[in-house]
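Numbering (our numbering), first residue to last: 7 to 192.
For reference, the structure is listed below as structure tokens.
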Amino acid sequence: GANRLWAGLFGGGIVDVSANPQGSERAVNETRSAGPDVTGLPRAAPATVVVSEGELWALTREGAFARDVRSPRPLEPMAGALVGDRVLTSGHITTLARDGSGRLWVGYFDRGIDLIAPETSERLSHIEDDRVREINHLAFDRNEDRMLAATSRGLVVFGNGLKQTVMTREQGGLINDSVAHVSLAE
């Protein structure tokens, strides 16, 4: 939950670094020597960890896993193998979000966005162009049924049929085109 620091490990799994005030090295060693993987993640599969909309996500080459961020339970599989058929476009994942249809949006540091169907582990679409390239953050707006993408080239809003509306310094009054994060207030 709040005030937690999660780290995805190249050697496999994730660790709550904030749970051990003596440092991450000890926490990692304790996690690896604790017997069965209590996180529910496959061992030895490098993991990317992201907290998005109250869910803790871990992406590995063996699948996507998630749980409520406050839950003590292991992460549950959300999508099967994600690299067998090159489902994921890149390994440089910066952000994740689910939309109202249950699709998983995966934003990349340098390769745009993939839309994944978690039930089938199928990449439904890859979106990448001059504007949708360097993705810093994704947030789903439930009230308007749209996905907001904070990018290095402005704020991109995806509506019905993935129609893009772009807000930039010139078009939307932003101070700068480089948008690091977007949050929705209700």
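Ideal placement from N, C-alpha and C gives every residue a C-beta, glycine not left out.
Please classify residue i as buried or exposed, where buried requires at least 16 other C-beta atoms within 10 Å of its C-beta.
| i | result |
| --- | --- |
| residue 10 | exposed |
| residue 109 | buried |
| residue 39 | Unreliable positioning characterises residue 39 in this predicted model, as indicated by a pLDDT of 38, which lies under 50. The coordinate reading is nonetheless provided below. Label assigned to residue 39: exposed. |
| residue 144 | buried |
| residue 68 | buried |
| residue 2 | Here the chain comprises residues numbered 7 to 192, so residue 2 is not present and cannot be evaluated. |
| residue 47 | buried |
| residue 171 | exposed |
| residue 177 | exposed |
| residue 72 | buried |
| residue 131 | exposed |
State the start and end residues of the unbroken beta strand (DSSP E) segment that holds residue i.
| i | result |
| --- | --- |
| residue 160 | 160-164 |
| residue 99 | 99-104 |
| residue 143 | 141-147 |
| residue 180 | Unbroken run through residue 180: none, as it is neither H nor E. |
| residue 79 | It is not in any beta strand (DSSP E) - residue 79 carries neither H nor E in the DSSP assignment. |
| residue 132 | 128-133 |
Among the options, whose alpha-carbon lies nearest the alpha-carbon of residue i?
| i | options | result |
| --- | --- | --- |
| residue 49 | 25, 15 and 76 | 15 |
| residue 180 | 62, 159 and 76 | 159 |
| residue 188 | 135, 46 and 147 | 147 |
| residue 196 | 111, 12, 172 and 176 | Within the shown structure, residues of the chain are numbered from 7 to 192, placing residue 196 beyond reach of any answer. |
| residue 157 | 96, 183 and 63 | 183 |
| residue 175 | 168, 166 and 162 | 162 |
| residue 128 | 56, 70, 149 and 17 | 70 |
| residue 52 | 65, 45, 60 and 61 | 65 |
| residue 62 | 12, 107 and 126 | 12 |
| residue 78 | 172, 185, 21 and 186 | 21 |
| residue 106 | 45, 57, 136 and 164 | 164 |
| residue 134 | 166, 113 and 72 | 113 |
Across which residues does DSSP place residue i in a beta bridge pair?
| i | result |
| --- | --- |
| residue 21 | 13 |
| residue 173 | 161 |
| residue 118 | None, per the DSSP bridge assignment. |
| residue 66 | 69 |
| residue 138 | Paired residues: none, contrary to the question. |
| residue 113 | 101 and 119 |
Determine contact between the region 94-101 and the region 77-86, defined as no fewer than three beta-carbon pairs at a distance below 8 Å. no
Hey, is the region 114-124 in contact with the region 139-149, meaning 3+ C-beta pairs nearer than 8 Å? yes
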